[in-house]
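Colleague: Quick note on our numbering: the sequence shown kicks off at -15 and runs consecutively.
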Amino acid sequence: MTSRVANPHPEPTAKVPVALSVVVPLYNERAVLPLLLERLTQVLQPLGISYELVLVDDGSHDGSGVYLLEQAARNPTIVAVRLSRNFGKEAALSAGMDVSSGDAVVILDADLQDPPELIGSMLEAMRAGADIVTMKRRTRAGESWGKRLSAHLFYRLMSRISHFKIPEDTGDFRLMSRRAVNALNSLPERNRYMKGLFAWVGFPTHVIEYDRDPRAAGNTKWNLLGLIGLALEGITSFSIVPLRWASALGLLAAGVGMSFGLWIVVGAVFHGNPVAGYPSMIAVTTFLGGVQLLSVGLLGEYVGKTYFETKQRPLYVLRDVVQSPRQASQTPTPLKD
Ligand code: UDP
Ligand code: MG
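1. When we look at the beta-carbon of Val324 and count the other beta-carbons within 10 Å, is it buried (16 or more) or exposed?
2. What span of residues does the alpha helix (DSSP H) with Arg58 cover, start to end?
3. Label Asn12 either buried or exposed according to how many other C-beta atoms from any shown protein chain fall within 10 Å of its C-beta, with 16 as the threshold for buried.
4. Exposed or buried, which one is Pro(-6) when buried takes at least 16 other CB atoms within 10 Å?
5. Taking just the CA atoms, how far does Lys289 sit from Arg310?
6. Contact between the stretch 262 to 274 and the stretch 233 to 245 is defined here as three or more beta-carbon pairs at a separation below 8 Å; is this criterion met?
7. Considering only the alpha carbon of each residue, which of Ala57, Met178 and Tyr194 lies closest to Asp98?
8. List the whole-angstrom C-beta distance separating Val89 from Ile103, where the pair is believed to meet the contact cut-off of C-beta under 8 Å.
9. Could you tell me if Thr(-14) is buried or exposed, where buried requires 16 or more neighbouring beta carbons within 10 angstroms of its beta carbon?
10. Does the stretch 105 to 113 come into contact with the stretch 57 to 77, if we say contact requires no fewer than three beta-carbon pairs (one atom in each stretch) closer than 8 Å?
11. Grouping DSSP H, G and I as helix and E and B as strand, with all else coil, what is Gly72?
12. According to the Cβ coordinates, are Glu22 and Arg176 closer than 9 Å?
13. Is Asn70 near ligand 1, with its Cβ less than 8 Å from a heavy atom?
14. Among Val83, Val40, Gly80 and Ile212, whose alpha-carbon lies nearest the alpha-carbon of Tyr139?
15. DSSP on Phe148, reduced to helix/strand/coil?
16. So is Phe71 buried or exposed if we call it buried at 16+ other beta carbons inside 10 Å?
17. What I want to know is whether the C-beta of Thr204 ends up closer than 8 Å to one or more non-hydrogen atoms of ligand 2.
18. Does ligand 1 have even one heavy atom less than 8 Å from the beta-carbon of Asp46?
19. Measure the Cβ-Cβ separation of Val6 and Tyr35 and say whether it is below 9 Å.
20. Rounded to whole angstroms, what is the Cα-Cα separation between Met81 and Gly155?
21. Under the three-state reduction of DSSP, which class applies to Lys289: helix, strand or coil?
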């Protein structure tokens, strides 16, 4: 665990490194948890490697946390991590990755939109040499037309304006080697747009295409405003190109204003046109006012980010980390032979 944790819980007593950690951030997912654990166990046991399920309760208030503790008490492969309150998916993910000890780490949503059945082929790709295996969504069943269109546009915009490639149509569902996870855990920033950070650490990456399932149970935690916020976070965390756009827009507005002024002056001096003062004033003032506010707002977005970074607050606060001791028969098997 790193120093970014405010009150690091002592490591669980019988913590042994495992071949694979599956990290699942969850918030109010009580309805889907039994099915999630069942499907994960069905997939992971036949693989014949040692594994742990790091389930991070992001301050749920539907009993998910207590359910995790109960399960951890009887199943030593479960590491139940509870945060002190709801910190958001990105922070919960960071907590899970900090706690995880696997040589490889899979990140998965709790709602089974990311099928655990693909973990086998992800491990295959890693054995073939990839450090990171990203999962690209071919289809997104059960998601609205509006969400799909906005996601499509967002990924295209991001890859145009950031300095490195952020893969399109990939979510957080991925497999990472220990060194990639360590690199990610060492990034100090508080504004954590994970998709961007994943891409920033680099490493040989393999892409697998898959069909995204609809949610198995419960409701999505995202609404339109949340998604717009995430998009803004992504854009301003990884690019200052929008500041340049603001300057360009300002220049354009100034140019238009000046030409309009010249046009009025020329009309009045050479053609004797009467100057209709009020409408032209209003048009120019509103336009320039809009451009200025937009630019100031954009600037504020970056200044605000700097402000939060300077506070140096931890990303999350742990409530507890609970895991039962493993039996001697469950000694870890190495991932790479
Ligand atoms: N999640 C979380 N903290 C939050 C919101 C969501 O840990 O504050 C988890 C959630 O439980 C799920 C994953 O993040 O496991 C993705 O959330 P969701 O399925 O609601 O998003 P969507 O798939 O609709 O984009
Ligand atoms: Mg989901």
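Think of the CB as a built atom: it goes at the ideal place given N, C-alpha and C, for glycine as much as any other residue.
Modeller: Taking the coordinates as given:
1. An answer regarding residue 324 cannot be provided, because it is not within the stretch -15 to 321 covered by the chain.
2. As a position in the sequence shown, residue 58 is number 74, starting the count at 1. Residues Ser48 to Arg58.
3. The sequence position of residue 12 within the sequence shown is 28, counting from 1. The residue in question, Asn12, is buried, as its Cβ has 16 or more Cβ neighbours within 10 Å.
4. Working through the sequence shown from its first residue, we reach residue -6 at position 10. Low confidence applies here, because Pro(-6) scores a pLDDT of 46, under 50, leaving its location unreliable; read the following figure in that light. Classification for Pro(-6): exposed.
5. Taking the sequence shown and counting its residues from 1, one reaches residue 310 at position 326. Taking the sequence shown and counting its residues from 1, one reaches residue 289 at position 305. So the two alpha carbons sit approximately 43 Å from each other.
6. Short answer: they touch.
7. Position 114 of the sequence shown, counting from 1, holds the residue named residue 98. Closest in alpha carbon position to Asp98, among Ala57, Met178 and Tyr194, is Tyr194.
8. As a first step, residue 89 must be located in the sequence shown, where it is residue number 105. As a first step, residue 103 must be located in the sequence shown, where it is residue number 119. Contact flag wrong, Cβ pair sits at about 11 Å.
9. As a working mapping, residue -14 is identified with position 2 in the sequence shown. Note that Thr(-14) scores 42 on pLDDT, short of 50, meaning its location in the model is unreliable and no value can be drawn from it.
10. With contact defined as three or more Cβ pairs closer than 8 Å, the stretch 105 to 113 and the stretch 57 to 77 are not in contact.
11. In the sequence shown, counting from the first residue as 1, residue 72 sits at position 88. In the structure shown, the three-state DSSP call for Gly72 is coil.
12. Stepping through the sequence shown from its first residue, residue 22 is reached at position 38. Stepping through the sequence shown from its first residue, residue 176 is reached at position 192. Taking a C-beta distance under 9 Å as the contact criterion, Glu22 and Arg176 do not qualify as a contact pair.
13. Indexing the sequence shown from 1 puts residue 70 at position 86. For ligand 1, at least one heavy atom lies less than 8 Å from the Cβ of Asn70.
14. By one-based count along the sequence shown, residue 139 stands at place 155. It is Ile212 whose Cα lies nearest to the Cα of Tyr139.
15. Taking the first residue of the sequence shown as 1, we reach residue 148 at position 164. It is coil, neither helix nor strand.
16. Taking the sequence shown and counting its residues from 1, one reaches residue 71 at position 87. Classification of Phe71: buried, given that the 10 Å Cβ count is 16 or more.
17. If you number the sequence shown from 1, residue 204 lands on position 220. It does: the Cβ of Thr204 is within 8 Å (strictly closer) of some heavy atom of ligand 2.
18. Within the sequence shown, the letter at position 62 stands for residue 46. Within 8 Å of the C-beta of Asp46 there is not a single heavy atom belonging to ligand 1.
19. Numbered from 1 along the sequence shown, position 22 holds the residue referred to as residue 6. Numbered from 1 along the sequence shown, position 51 holds the residue referred to as residue 35. Yes. Within cutoff.
20. For this step, residue 81 is matched to residue 97 along the sequence shown. For this step, residue 155 is matched to residue 171 along the sequence shown. Met81 and Gly155: Cα-Cα distance of roughly 16 Å.
21. As a first step, residue 289 must be located in the sequence shown, where it is residue number 305. When DSSP states are grouped into helix, strand and coil, Lys289 belongs to the helix group.
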